[in-house]
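Visitor:
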Amino acid sequence: MKNQLKAGVIFSYISTGITVLIQLIYLPIMIRILGQSEYGLYSVVSGVVSYLSLFSLGFSGAYLRFFSRFKYQDDKKKLASLNGMFIILFCVLAFIALVSGIILSFFPRQIFGSKLSDAELIKARILMVILVFSMAIVLVSSIFEAITRAYEQYIFQQAVYLMVVVVNPFLCLPLLLMGYRSVMLVLVGAVISIGRLVANVWFCVFKLKIPISFHNFEFKLLKEISAFSFFLLLNMLIEQVNWNVDKLILSHTSGTKEVAVYGVASQINGLFINFSTTVSSVFSPKINRIVAEERENYQKKFTKLMVKIGKIQWLLLGMLTTGFIIFGKYFIVHIYAGKGYEKSYITSLCLVIPALIQLIQNVGVEMQRALNKHQFCSIIYFVMAIINVAISIPLANKFGAVGAAMGTMISLVISDGIIMNVFYHKILKINIKLFWKEIMSTLKGFAVPVISGILIMKYIKFSSIMEYLVVGGVYVVVYSISIWKMSCNEEERKMVLGLINKF
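Here the sequence shown is numbered in the numbering used here, starting from 85 and rising by one per residue.
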């Protein structure tokens with residue numbers, strides 16, 4: 085399991101790196117071929133359909149907790165019943181999501197607002213139907229992915245994810261160049277979702293040989309799972325509001341072009357989220373195992389784990405954040421999206437910077453769930469999500485995409501920056517002062533690369549993309565050396581060297 089854990093972390097970052105590289109090459113081409121209006125339409129429809137993921141009702145997050153309990157008890161009969169119950173549940177939920185989505189597709193004007201043209205509304209309806217089908221497939225697949233994660237089979241899980249990431253643009257790019265547009269893109273996505281489901285089912289049934297029983301369901305257990313999952317569902321709803329409701333607001337207040345501006349910022353924010361969650365998701369089973377085995381003495385281990393993982397995430401995200409602040413505007417306008425997306429830079433900063441607090445502490449979310457203490461946080465986030473919407477609507481009316489992002493920024497600073505840190509310290513008994521002390525101790529390593537980057541942007545004018553990429557590469561090297569010398573301790577250096585030696 086230790087080898088799977090280490091390999092999982094390494095593979096996660098390799099796959100995330102490849103994901104970023106592909107997005108940097110493929111997405112700019114896609115945005116330019118689709119045009120601002122169609123890309124905005126594609127973005128807002130995708131955001132609306134993503135709400136159907138709420139039909140999972142938080143059950144996939146609950147699976148890991150109950151799996152850990154029965155695995156620790158070595159109760160194979162209950163484990164088989166648990167697997168069967170979850171598989172049936174997700175098939176039923178996927179069917180409900182499919183029917184609900186198809187019904188919603190008959191009301192595009194009510195959903196997307198009057199700012200969209202008749203032609204855009206017709207295309208929105210087609211996109212919705214295909215994306216709804218794809219979402220239903222993803223819902224069924226998600227339980228098998230949860231099972232794979234519970235068995236700590238990270239290499240297979242990351243391999244499937246990587247295949248999806250690579251295959252999608254390789255199929256879509258030629259079709260875009262042949263003249264096909266957003267409808268074909270979502271069709272390809274649906275086919276890939278089916279392939280992903282088949283791969284996950286095959287691995288669970290034939291390789292892991294998981295026990296499955298569709299008899300003797302314990303409805304008392306289902307009630308317990310449902311109670312636990314309710315607050316996970318609330319968390320999912322909040323995530324959808326924080327990251328997708330702005331697009332829907334903008335489709336009503338401004339139209340598809342402003343949605344496209346926000347969509348680019350959202351894609352960039354998504355890259356930061358991917359870099360962070362690749363590590364924390366790998367440690368979910370370990371966190372649940374700590375709770376199952378050491379119910380009364382978990383605090384020190386949780387503190388050590390949060391500091392260790394949070395620091396790794398901070399140093400990686402710190403490179404991306406400082407690099408984006410310095411070089412990001414040129415990147416968006418001249419490389420990634422093109423003219424007409426200048427506001428995406430400020431919009432991105434409004435999303436990325438406040439989200440850093442949550443991203444370097446997101447292993448804490450798994451700790452809340454493992455301890456069944458996520459209810460309070462869910463309620464707080466729910467209240468902040470409502471405040472986010474209330475703030476974002478008038479701000480979006482006045483400032484467009486930037487205003488919508490500002491509403492999200494304010495809610496994130498209050499919820500993640502203040503309330504959650506108090507919660508971790510007071511309720512979970514994690515030494516949050518030590519956490520921030522360790523994070524602050526790394527800042528001296530940021531001085532040299534940041535000052536160098538600012539001077540480069542002030543005195544150098546790029547004449548080609550290659551020059552920009554070379555400068556970006558130099559920044560990464562300078563940052564890495566500075567962090568290595570000034571921000572990492574001896575133990576962390578040994579850990580990195582140990583990983584390098586294994587390769």
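All residues carry an ideal CB built from backbone N, CA and C; glycine is no exception.
(1) Determine the direct distance from the alpha carbon of tyrosine 147 to that of tyrosine 110, and round the result to whole angstroms.
(2) Reducing DSSP to helix, strand and coil, say where serine 547 ends up.
(3) Can you look up asparagine 326 in the DSSP assignment and give me helix, strand or coil?
(4) So what's phenylalanine 415 in DSSP terms, helix, strand or just coil?
(5) Could you check what DSSP says for asparagine 515 in three-state terms: helix, strand or coil?
(6) Out of curiosity, what's the CA-to-CA distance linking histidine 336 and leucine 305?
(7) From the DSSP output, in three-state form, read off methionine 262 for me.
(8) Beta-carbon separation of isoleucine 567 and leucine 389 under 9 Å?
(9) Looking at the structure shown, is proline 295 part of a helix, part of a strand, or coil, going by DSSP?
(10) Since valine 325 contacts valine 473 with CB under 8 Å, what's their CB separation in whole angstroms?
(11) Could you check how far apart the C-beta atoms of aspartate 330 and alanine 178 are, in whole angstroms? I think they sit under 8 Å.
(12) Apart from the five residues just before and just after isoleucine 540, which ones in its own chain have a Cβ nearer than 7 Å to its Cβ?
(13) Hey, is leucine 215's beta-carbon within less than 9 Å of any beta-carbon in chain D?
(14) Our contact map puts threonine 340 next to glycine 124 with C-beta atoms below 8 Å; I'd like the distance itself, whole angstroms only.
(15) Tell me the DSSP secondary structure of isoleucine 441 in three-state form.
(16) Could you give the first and the last residue of the continuous alpha helix (DSSP H) run that contains histidine 509?
(17) Quick one: using the 10 Å Cβ neighbour count with 16 as the cut-off for buried, is glycine 412 buried or exposed?
(18) Sort Asn456, Ser266, Ser536 by Cα distance to glutamate 308 and report the nearest one.
(19) Take the Cβ of cysteine 175 as the centre, count every other Cβ of all protein chains shown within 10 Å, and call the residue buried at 16 or more, exposed below.
(20) Near tyrosine 45, which residues of its chain fall below 8 Å by C-beta distance, leaving aside the five closest residues on each side in sequence?
(21) For the alpha helix (DSSP H) that cysteine 461 lies in, which residues bound it at each end?
(22) What are the boundary residues of the alpha helix (DSSP H) that glutamate 229 is part of?
(23) Just to check my reading of the structure: valine 270 and leucine 215 have Cβ atoms closer than 8 Å, yes? What is that Cβ distance to the nearest angstrom?
(24) According to the Cβ coordinates, are serine 571 and lysine 528 closer than 9 Å?
(25) Say yes only if the C-beta of glycine 339 is nearer than 8 Å to one or more non-hydrogen atoms of the ligand FMN, and no if none qualify.
(26) For methionine 468 versus leucine 512, is the C-beta distance shorter than 9 Å?
(27) Please say whether threonine 405 and valine 436 have beta carbons closer to each other than 9 Å?
(28) Measure the Cβ-Cβ separation of isoleucine 444 and glutamine 383 and say whether it is below 9 Å.
(29) Let me make sure I understand the geometry here. Which of Arg453, Pro478, Pro192, Ala421 has the alpha-carbon closest to that of valine 132?
(30) According to the Cβ coordinates, are isoleucine 419 and leucine 261 closer than 9 Å?
(31) Taking the alpha carbon of isoleucine 296 as the point to measure from, which residue in Leu166, Asn481, Leu553 has its own alpha carbon closest?
(32) Would DSSP call glycine 422 helix, strand or coil?
(33) In whole angstroms, what is the alpha-carbon distance linking tyrosine 264 and phenylalanine 386?
(34) Quick one: what's got a C-beta closer than 7 Å to valine 248's C-beta in the same chain, skipping five residues either side?
(35) Which residue marks the beginning of the alpha helix (DSSP H) containing glutamine 194, and which one marks its end?
(36) So, helix, strand or coil for serine 571, using DSSP?
Guide: Considering the structure as presented:
(1) One C-alpha to the other measures close to 35 Å.
(2) DSSP, read as helix, strand or coil, puts serine 547 in coil.
(3) Helix.
(4) In the structure shown, phenylalanine 415 sits in a helix (DSSP, three-state: H, G or I).
(5) Asparagine 515: coil per DSSP, three-state reduction.
(6) Cα to Cα, histidine 336 sits roughly 43 Å from leucine 305.
(7) Shown here, methionine 262 sits in coil according to DSSP, grouped into three states, outside any helix or strand.
(8) No, they are not a contact pair.
(9) Proline 295: coil per DSSP, three-state reduction.
(10) Between valine 473 and valine 325 the Cβ distance is about 6 Å, and since that is below 8 Å, they are a contact.
(11) Between alanine 178 and aspartate 330 the Cβ distance is about 27 Å, and since that is not below 8 Å, they are no contact.
(12) Cβ-Cβ distances below 7 Å link isoleucine 540 to Val555 in the same chain, with the five nearest sequence neighbours on each side left out; the list follows chain order.
(13) Judged by its chain identifiers, the structure shown contains no chain D, having just a single protein chain.
(14) That belief holds up - the Cβ atoms of threonine 340 and glycine 124 are roughly 3 Å apart, short of 8 Å.
(15) Three-state result, isoleucine 441: helix.
(16) Element bounds for histidine 509: 504 to 510.
(17) In the assembly as shown, glycine 412 is a buried residue. Its beta-carbon has 16 or more other beta-carbons within 10 Å.
(18) Ranking the options by Cα distance to glutamate 308, first place goes to Asn456.
(19) Exposed.
(20) Nothing can be reported for residue 45: it is not among the residues displayed for the chain, which extend from 85 to 587.
(21) Taken as a continuous stretch (DSSP letters only), the alpha helix (DSSP H) holding cysteine 461 covers 459 to 483.
(22) Taken as a continuous stretch (DSSP letters only), the alpha helix (DSSP H) holding glutamate 229 covers 202 to 234.
(23) That belief holds up - the Cβ atoms of valine 270 and leucine 215 are roughly 5 Å apart, short of 8 Å.
(24) Yes, Cβ-Cβ distance for serine 571 and lysine 528 is below 9 Å.
(25) Annotation note on the ligand FMN: not contained in the displayed structure, which lists no ligands.
(26) No, the pair does not count as a contact, with Cβ atoms beyond the cut-off.
(27) In contact: valine 436 and threonine 405 (Cβ atoms closer than 9 Å).
(28) With contacts defined as CB atoms closer than 9 Å, isoleucine 444 and glutamine 383 fail to qualify as a contacting pair.
(29) Of Arg453, Pro478, Pro192, Ala421, the residue nearest in Cα terms is Pro192.
(30) Contact: no.
(31) The shortest Cα separation from isoleucine 296 among Leu166, Asn481, Leu553 belongs to Leu166.
(32) Residue state, collapsed to three classes: coil.
(33) In a straight line, the C-alpha of tyrosine 264 is about 50 Å away from that of phenylalanine 386.
(34) Within the same chain, valine 248 has close Cβ partners Ile276, Arg280.
(35) Where glutamine 194 is concerned, the enclosing alpha helix (DSSP H) stretches over 192 to 196.
(36) Reduced to three states, the DSSP call for serine 571 is coil.
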